[in-house]
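Listed in order, the protein sequences are those of chains L and C. So the first sequence is numbered by the working numbering: it starts at 1 and just counts up by one. So the second sequence is numbered by the working numbering: it starts at 1 and just counts up by one. Even glycine gets a Cβ: it sits at the ideal position worked out from N, Cα and C.
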Amino acid sequence: MNLELIPLLIIVLLMISAGGADVETTEFVIEGDHEITEHRGALIVGDATVTVPADEAVSGPVYVIGGEFRVHGTVEGDVTQLSGSLVVEDGATIDGELQHIGGSEELSTEATIMERTTVAFESSEPGPIAAYTPIVLTTLILALVGALLSRKHELLLDNVGAAAQDHPLISLTVGALLSVTFLSVFVFMAFTLILLPVSILGLLIGLLIIAYGIIALGYLAGQQLNTPRVGLATGLGVVVVMVLLQLIGVIPILGDLVAGGLLLTGLGAVVLTYFGLQEFEPVSLPE
Amino acid sequence: MKLFEFVRERQWIPITGYLIYVSALTAGYYYNLTFVQLGLTDLGTQKIGMPPGDVSIVMAILALLTLVAAVVSGVLMDRRGWSTDLYVKFRLLFLVIFVQLLLTVAAPYVSTIELFVLWVIVCSMALGVGIPVSFSFMLDFIPVRDRGYVAAVVAGLSFFVAALYPIEWRIDEFSLVMSAMMVPAVLVLAVLSVKRFRFVDSLASQYERDTFGTGRFCRPVPVRTVSFAFLGPVLLMFGVFFIDSLGFLRIIETPLYIYTSWQSPDLSVRLFIAGLHVIGALAAGVIYTNFDRNWLFLWVFGLFAFTHLLYVFHIQFGAGDTPPLVLPMFYVLAVSFYTTLNFALWPDLSTPETIGTHTALGVGIAGWLATFLSTSLALYSEGVGLSLLNHLTYVNALALLFVVTLPVLLYVHRMVELARGGTTP
Chain L
1 MNLELIPLLI IVLLMISAGG ADVETTEFVI EGDHEITEHR GALIVGDATV
51 TVPADEAVSG PVYVIGGEFR VHGTVEGDVT QLSGSLVVED GATIDGELQH
101 IGGSEELSTE ATIMERTTVA FESSEPGPIA AYTPIVLTTL ILALVGALLS
151 RKHELLLDNV GAAAQDHPLI SLTVGALLSV TFLSVFVFMA FTLILLPVSI
201 LGLLIGLLII AYGIIALGYL AGQQLNTPRV GLATGLGVVV VMVLLQLIGV
251 IPILGDLVAG GLLLTGLGAV VLTYFGLQEF EPVSLPE
Chain C
1 MKLFEFVRER QWIPITGYLI YVSALTAGYY YNLTFVQLGL TDLGTQKIGM
51 PPGDVSIVMA ILALLTLVAA VVSGVLMDRR GWSTDLYVKF RLLFLVIFVQ
101 LLLTVAAPYV STIELFVLWV IVCSMALGVG IPVSFSFMLD FIPVRDRGYV
151 AAVVAGLSFF VAALYPIEWR IDEFSLVMSA MMVPAVLVLA VLSVKRFRFV
201 DSLASQYERD TFGTGRFCRP VPVRTVSFAF LGPVLLMFGV FFIDSLGFLR
251 IIETPLYIYT SWQSPDLSVR LFIAGLHVIG ALAAGVIYTN FDRNWLFLWV
301 FGLFAFTHLL YVFHIQFGAG DTPPLVLPMF YVLAVSFYTT LNFALWPDLS
351 TPETIGTHTA LGVGIAGWLA TFLSTSLALY SEGVGLSLLN HLTYVNALAL
401 LFVVTLPVLL YVHRMVELAR GGTTP
């Protein structure tokens with residue numbers, strides 16, 4: 001499953017939860033081509049192509065968060081589109097409300113849609129200032145936190161940095177294992193609806209650990225400046241790491257792999273050192 | 001890694017040891033994964049036409065005889081000093097592979113139940129002797145520092161090839177391919193069995209070096225056979241093998257799950273699984289080398305518990321839909337993890353004096369006996385009509401129980417040590 005769908009999935013589960021729908025009837029179609037002719041509760045369309053054939057009716061609500069949802073027949077309920085592609089063909093019917101929030105849509109004039117609303121956002125192609133503002137803000141916050149942390153508790157960053165630098169393979173392995181497992185566990189928890197808050201909290205903590213890892217990597221980069229002003233060096237180092245992560249992402253596949261590897265190494269190093277509270281030392285083996 | 005050090009210093013003899021170990025164990029494990037595990041069922045049901053229940057009884061005989069043969073030969077190897085005599089081990093391995101070659105060639109010609117049972121008895125003897133012989137090669141060829149990584153390479157390679165193998169499995173064709181692959185190994189081992197070579201003499205004495213012989217968990221004090229340090233891992237590994245085959249045997253009987261993953265006609269799906277086996281094994285190698293072994297056990301039980309939870313969830317809520325690859329993904333990770341652990345753990349719990357007995361008991365009890373028992377139980381649950389959902393719920397409960405039991409056992413063990421007056425962690 002595309003990782004970018006996870007936040008949307010969580011949002012949809014929150015919406016289902018708020019709507020009081022029964023979780024046992026919620027169906028999430030992740031991949032492949034499917035024709036839906038019978039369906040009981042909420043339907044979430046992920047990376048799949050889901051078609052409602054002509055002369056068939058399925059109950060809603062339907063949430064499109066990726067892939068493609070094609071309606072030839074009838075949807076007896078609401079359709080909410082957050083991303084992906086929605087195609088409503090000639091003669092198709094949506095009995096409830098069609099809410100368009102994001103993604104592309106193709107609606108036939110011959111189709112019957114009971115009610116239609118659009119949540120308007122800014123232009124889909126924002127200018128360079130709007131596009132880079134969140135990144136710049138994030139970088140500034142991380143640099144500031146890094147500068148403060150290195151001035152007050154340098155040992156923490158020193159331990160995390162040392163683990164990432166001296167044991168990159170171990171840090172990367174631990175980071176990758178933890179992220180794969182916990183990401184799946186949190187998504188799984190979200191499906192129970194009861195554990196949805198835990199799932200969101202877990203994902204937020206995961207993001208915080210990654211941010212901590214970036215700061216530690218920035219601390220390492222800052223050390224190359226050989227300046228006694230450790231706060232300034234760490235702040236600048238964080239900026240360098242963030243710029244590097246942005247630039248390297250331009251290279252297809254390899255860039256994502258390197259950037260992902262860096263983030264996971266940081267994450268692993270943070271966990272291995274108990275957030276820098278102790279040095280990481282592998283077990284002792286005969287040389 | 002010591003291997004890189006050997007390469008830098010151009011020490012080709014120890015490097016040859018790595019190559020011999022990886023080739024022998026990979027080929028042996030691949031043979032076991034495919035020809036023995038799949039072959040028995042196919043031979044019994046398709047060729048001879050026996051009912052699946054009867055074939056499972058023959059499988060049980062194979063498992064028990066293998067265990068007995070492994071323990072007897074392992075104890076004998078230690079008592080006679082063969083565990084530390086590389087030439088004797090080469091001769092034993094030559095015998096094992098020669099017998100297996102004959103069995104492989106003969107397999108397509110087995111046409112009666114009597115012949116099938118005889119084939120199985122001879123096969124179990126060869127397998128049994130092969131366990132302590134092949135597993136004990138680690139102390140001759142692989143330094144303690146590299147055992148986790150080398151075990152990972154063996155596990156990853158075996159599973160990679162096995163996962164990519166074509167779906168249609170015909171014993172005639174398979175027998176021919178396997179025999180052709182085994183002949184060179186038999187010839188090389190025949191030469192090594194009768195003639196002494198200087199490079200083999202060097203390899204044969206490597207176990208005396210501090211970096212090779214004594215296993216990681218036997219330093220500074222050797223692990224005794226009857227001790228918590230040895231029986232604890234045997235119990236945990238028994239649990240791992242038991243949980244794996246108990247769950248897997250029912251999953252592979254379910255077309256929806258097996259034909260969308262391990263036996264998918266889509267090469268990219270099988271390649272994904274094969275590649276993940278390698279990645280999982282390497283990750284296990286890193287963890288085994290740098291952390292305490294209990295961390296790896298926790299990961300294995302945790303991964304199994306989560307995997308079965310995913311399957312249970314999918315059966316309950318997503319029945320009929322194509323299961324996502326995340327299901328076999330976690331299964332593959334768990335299997336690669338414990339296979340790597342299985343290769344490295346028993347030699348690391350042994351000294352040159354105990355490696356035959358410990359590897360035989362470890363692999364025999366934890367591997368063979370657990371697999372046999374869980375196979376019987378899985379067949380029983382299928383026979384009494386227990387649904388897949390209920391069956392996997394039991395397996396999942398068992399996995400979760402082990403996740404909790406492991407830290408509790410370790411905690412209690414530490415408490416007992418403290419109560420006895422111990423202070424060091």
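Query raised in the report: L285 (chain L) lies in the beta strand (DSSP E); which residues open and close that run?
Result: Where L285 (chain L) is concerned, there is no enclosing beta strand (DSSP E), because DSSP gives it neither an H nor an E.
Query - Limits of the beta strand (DSSP E) - the one that I142 (chain C) falls within - result: No beta strand (DSSP E) holds I142 (chain C); DSSP gives it neither H nor E.
Query - Cutoff 9 Å: P425 (chain C) Cβ touching any chain L Cβ - result: With a pLDDT of 49 at P425 (chain C), under the threshold of 50, the modelled position of that residue is not reliable, and no figure is offered here.
Query raised in the report: Does the pairing of the segment 37-54 of chain L with the segment 67-74 of chain L give three or more beta-carbon distances under 8 Å?
Result: yes
Report task. Within 10 angstroms of the Cβ of P425 (chain C), are there 16 or more other Cβ atoms? Answer buried if so, exposed if not. Result -> The pLDDT assigned to P425 (chain C) is 49, lower than 50, so where the model puts this residue is not dependable; a value taken from the coordinates is nonetheless given after this. Exposed.
Query raised in the report: Near V433 (chain C), which residues of its chain fall below 7 Å by C-beta distance, leaving aside the five closest residues on each side in sequence?
Result: The structure shown has nothing for residue 433 (chain C), since chain C only spans 1 to 425.
Requested in this report: Tell me where the beta strand (DSSP E) around R116 (chain L) begins and ends.
Outcome: Start and end: T112 to T118.
Query raised in the report: When the Cα of Y212 (chain L) is compared with those of L:S184, L:V241 and L:L193, which residue comes out closest?
Result: L:V241
Requested in this report: Locate the beta strand (DSSP E) running through Y63 (chain L), then write down its first and last residues.
Outcome: V62 to V64
Query - Per-residue burial, R270 (chain C) [other beta carbons within 10 Å of its own, 16 or more giving buried] - result: Burial is judged here by how many other beta carbons sit within 10 angstroms of a residue's own beta carbon; R270 (chain C) has at least 16 and is buried.
Query raised in the report: According to a CB-to-CB cut-off of less than 9 Å, which residues of the segment 354-381 of chain C neighbour chain L?
Result: none
Requested in this report: Could you please give me the residues that DSSP links to I135 (chain L) through a beta bridge?
Outcome: DSSP links I135 (chain L) through a beta bridge to no other residue.
Query raised in the report: E382 (chain C) and E253 (chain C) look like a contact to me (Cβ under 8 Å); what is the Cβ gap, rounded to whole Å?
Result: 7 Å
Query raised in the report: Of all the beta strand (DSSP E) runs that stay within the bounds of the segment 375-425 of chain C, which reach a length of 3 or more residues?
Result: none
Query - Stretch pair the segment 255-273 of chain L + the segment 171-189 of chain L: three plus CB contacts closer than 8 Å - result: yes
Report task. Would you check if the distance between the CB atom of F141 (chain C) and the CB atom of L103 (chain C) is smaller than 9 Å? Result -> no
Query raised in the report: Where L386 (chain C) and Q46 (chain C) are concerned, what is the direct C-alpha to C-alpha distance, given to the nearest angstrom?
Result: 26 Å
**Report entry** Reduced DSSP category for D172 (chain C) - H, G, I as helix; E, B as strand; rest coil
**Finding:** helix
Query raised in the report: In its own chain, which residues sit with a C-beta less than 8 Å from the C-beta of G235 (chain L), not counting the 5 before and 5 after it?
Result: A143, L144, G146, A147, G218 and G222
Query raised in the report: What are the residues that DSSP puts in a beta bridge with H100 (chain L)?
Result: L:Q81 and L:T118
Query raised in the report: Do we get a CB-CB distance below 9 Å when we pair N290 (chain C) with the residues of chain L?
Result: Yes, contact with chain L.
Query raised in the report: Cβ of G103 (chain L) within 9 Å of Cβ of L82 (chain L)?
Result: yes
Query raised in the report: How far does the alpha helix (DSSP H) with T74 (chain L) in it reach, from first residue to last?
Result: Taken as a continuous stretch (DSSP letters only), T74 (chain L) belongs to no alpha helix (DSSP H), being part of the beta strand (DSSP E) at T74 to E76.
Query raised in the report: Given that L285 (chain L) touches chain C, what residues does it touch there, using C-beta distances under 8 Å?
Result: V144, R145, R216 and T289
Report task. Please report the Cβ distance between E56 (chain L) and G73 (chain L), rounded to the nearest whole angstrom; I am assuming they are in contact, meaning their Cβ atoms lie under 8 Å. Result -> 4 Å
Report task. Name, please, each residue of chain L whose Cβ falls closer than 8 Å to the Cβ of A283 (chain C). Result -> T173, A176 and L177
Requested in this report: Kindly identify the DSSP beta-bridge partner or partners of R70 (chain L).
Outcome: L:T51 and L:V87
Query raised in the report: Based on the DSSP secondary-structure assignment, which residues constitute the bridge partners of D33 (chain L)?
Result: L:T49
Query raised in the report: What residue from C:Y149, C:V150, C:V96 and C:L118 has the CA that sits closest to P132 (chain C)'s CA?
Result: Residue nearest to P132 (chain C) within the set C:Y149, C:V150, C:V96 and C:L118 is C:V96 (criterion: CA-CA distance).
Report task. List the DSSP bridge partners of T354 (chain C). Result -> Note: T354 (chain C) sits in no beta bridge, so no partner.
Query - T254 (chain C): contacting residues in chain L (beta-carbon distance under 9 Å) - result: Around T254 (chain C), no beta-carbon contact reaches into chain L at under 9 Å, the shortest distance being about 18 Å.
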